[in-house]
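Numbering (the UniProt record's numbering), first residue to last: 1 to 428.
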C-alpha cells in the first residue's frame, strides 16, 4: 500500500508539472477559485488534457485511500443546500464585486439568519460556491459569479438541485412501491411531485416546467464539465456520412428546435431535413432557424409522437439522445412504429449512451455514466445501455433491423466519450 500511495503522489506531481509547463508556455491563466479566475483553461493539447484527467483521478484515489474504508458512511448532504441556492436564487442576490450580510440574504429569502449561514458555509467548502471575505458577509467565488451571470447555468442547477434531487431521494420508495414495475410513471419523480403522470406527460401539462427543462438541457450543451478546449475528433458530421444521402431526406426524430438539423443541412447543401417532435417542443422553433433554410424548404418541421406510426418515408432517421429516456419495451415500440414507413435500405443513426462494462473507461467518465443512469431510473425508468442491449431492442422490434457499425466517441467535443453511434439498416 505504501508503494501505491507514493505512485499516486508521483503521478499527481508529474502530470501537474506537465500542465503547469503548458500553461506557462502558452501564456494561459492558472486555475483559481477567485472571482476573476478563468472559466476555461484554454488547453488544446490532448496530451495535456490527458494529464489533467490523470491528476484528478489520482487525487480522488489518493484521498479515498487516506480517508479509509469508512469514509463512504459520511454522506455529503449536498442536495438540500444546492436546492436552496437554486430555489432562492442566492447568487442573483449578491452583486458581483460586492458583499451582502447573512442577515440581509436571510431576510430576502424569508428564512432565519442562522440557517442561511449554515447553508452557505456548506456550499463554500463542498462546492466552492461563494466566500466569506469578512465575518458575516458573503461575496462571490468564480463558480457563484458564473451562476449569477449566466441564466442557462442557473437552469442547469435547477434541474439537478431541485428536480433531480427530489426525484432521486424518492427512488428507493418508488422501487418498493412499484416492485417490478418498469413504466415511466413508476419512479421517484411521481412520488416527489405528487403525480401519476410520467415526467414527459407532466411536462406537457406544465408549460413552465417544460420551459425550464428545455433551458436546462441547453445548458449542458453550452457548459462542458471539462474546462479544457481540446478539439473534437468526431462531431455530428463524423457520426455518419451525410453526403451519402445526396438530395434525399433525413428525418430528425425528437429534433426539438433543430440545432442538429441546421448543422447537417449547412454542411450538406443537397439534402433536406425534417424535424419531428411533440408540438410543445416545436413551439417557436421556426423563429430560431436561418431564414434561407426555411424558405427553400431544406429544413422543415412536423409534429410527431414516436409512439404513433411513422408516416414519412426517408433515407435516414436520426435519433439523438432520446431513447435512454425510456424503458426497453418502450424503445421496442418506438422502432416498431417506424417500420411501416421504411423503404428497403433505410438507415437509422442512433446517437445515445454506450454504457461501458465496469472499469472499461476512466473513473471520471464512468462516474458520469453511472450518475446519468441513476437519474434515468429516478425520472423515467430509462437507462444507459451497453451495445449488446441495443441490438436486443432492435431485433425484438423487427428482425430485419441489422447493425451496420458501432463506434464510441472518444472526444471532449460535441458528445461525451461514453456516447455511442449505432448505424442501423432496414433490410426489407
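Idealized CB from N, CA, C, for every residue including glycine.
Note that the structure is a prediction, hence the values are computed from the model and not measured.
Straight-line gap, residue i to residue j (C-alpha atoms, nearest Å)
i, j, result
"residue 119", "residue 247", "58 Å"
"residue 362", "residue 56", "11 Å"
"residue 392", "residue 344", "21 Å"
"residue 67", "residue 275", "51 Å"
"residue 173", "residue 188", "7 Å"
"residue 232", "residue 99", "Only weak support is given to the placement of residue 232: the predicted model assigns it a pLDDT of 43, under 50, and the value that follows is read from those uncertain coordinates. Those two C-alpha atoms are separated by around 40 Å."
"residue 252", "residue 82", "35 Å"
"residue 196", "residue 379", "12 Å"
"residue 105", "residue 132", "13 Å"
"residue 34", "residue 129", "10 Å"
"residue 17", "residue 141", "26 Å"
"residue 170", "residue 324", "20 Å"
"residue 176", "residue 301", "42 Å"
"residue 337", "residue 167", "30 Å"
"residue 143", "residue 38", "10 Å"
"residue 12", "residue 30", "17 Å"
"residue 230", "residue 43", "At residue 230, the pLDDT of 46 sits below 50, so the modelled position is not reliable; the number obtained from the coordinates is stated separately. Approximately 6 Å, taken between the alpha carbons."
"residue 206", "residue 291", "30 Å"
"residue 284", "residue 156", "21 Å"
"residue 211", "residue 322", "18 Å"
"residue 3", "residue 62", "12 Å"
"residue 408", "residue 154", "31 Å"
"residue 326", "residue 122", "35 Å"
"residue 10", "residue 54", "11 Å"
"residue 264", "residue 317", "12 Å"
Start-to-end residues for the beta strand (DSSP E) that takes in residue i
i, result
"residue 422", "419-426"
"residue 160", "Premise fails: residue 160 is in no beta strand (DSSP E) and is neither H nor E."
"residue 134", "131-134"
"residue 429", "In the structure displayed, the chain extends from 1 to 428; residue 429 sits before or after that span and is not available."
"residue 374", "Segment 363-379 is the alpha helix (DSSP H) holding residue 374; no beta strand (DSSP E) there."
Neighbour-count burial assignment, residue i, 16 or more Cβ in a 10 Å radius
i, result
"residue 270", "exposed"
"residue 320", "buried"
"residue 36", "exposed"
"residue 426", "buried"
"residue 184", "buried"
"residue 71", "exposed"
"residue 201", "exposed"
"residue 356", "buried"
"residue 288", "exposed"
"residue 107", "exposed"
"residue 91", "buried"
"residue 347", "buried"
"residue 306", "buried"
Residue i in three-state terms, based on DSSP
i, result
"residue 307", "coil"
"residue 402", "strand"
"residue 44", "coil"
"residue 347", "strand"
"residue 119", "helix"
"residue 153", "helix"
"residue 21", "helix"
"residue 246", "coil"
"residue 89", "coil"
"residue 313", "coil"
"residue 197", "coil"
"residue 39", "coil"
"residue 128", "coil"
"residue 219", "helix"
"residue 101", "strand"
"residue 6", "helix"
"residue 64", "helix"
"residue 214", "helix"
"residue 230", "The pLDDT assigned to residue 230 is 46, lower than 50, so where the model puts this residue is not dependable; a value taken from the coordinates is nonetheless given after this. Correct three-state label for residue 230: coil."
"residue 182", "coil"
"residue 55", "helix"
"residue 271", "coil"
One or two residues paired with residue i in a DSSP bridge
i, result
"residue 276", "253, 302"
"residue 318", "252, 349"
"residue 354", "385"
"residue 408", "420"
Segment limits, alpha helix (DSSP H) that includes residue i
i, result
"residue 436", "Limits of the chain in this structure are 1 at one end and 428 at the other, which puts residue 436 out of reach."
"residue 112", "Neither: residue 112 is in no alpha helix (DSSP H) and is coded neither H nor E."
"residue 336", "328-336"
"residue 264", "259-267"
"residue 171", "171-178"
"residue 341", "Per DSSP, residue 341 belongs to no alpha helix (DSSP H) and is neither H nor E."
"residue 26", "Here residue 26 belongs to no alpha helix (DSSP H), and DSSP marks it neither H nor E."
"residue 239", "236-239"
"residue 166", "165-168"
"residue 291", "291-295"
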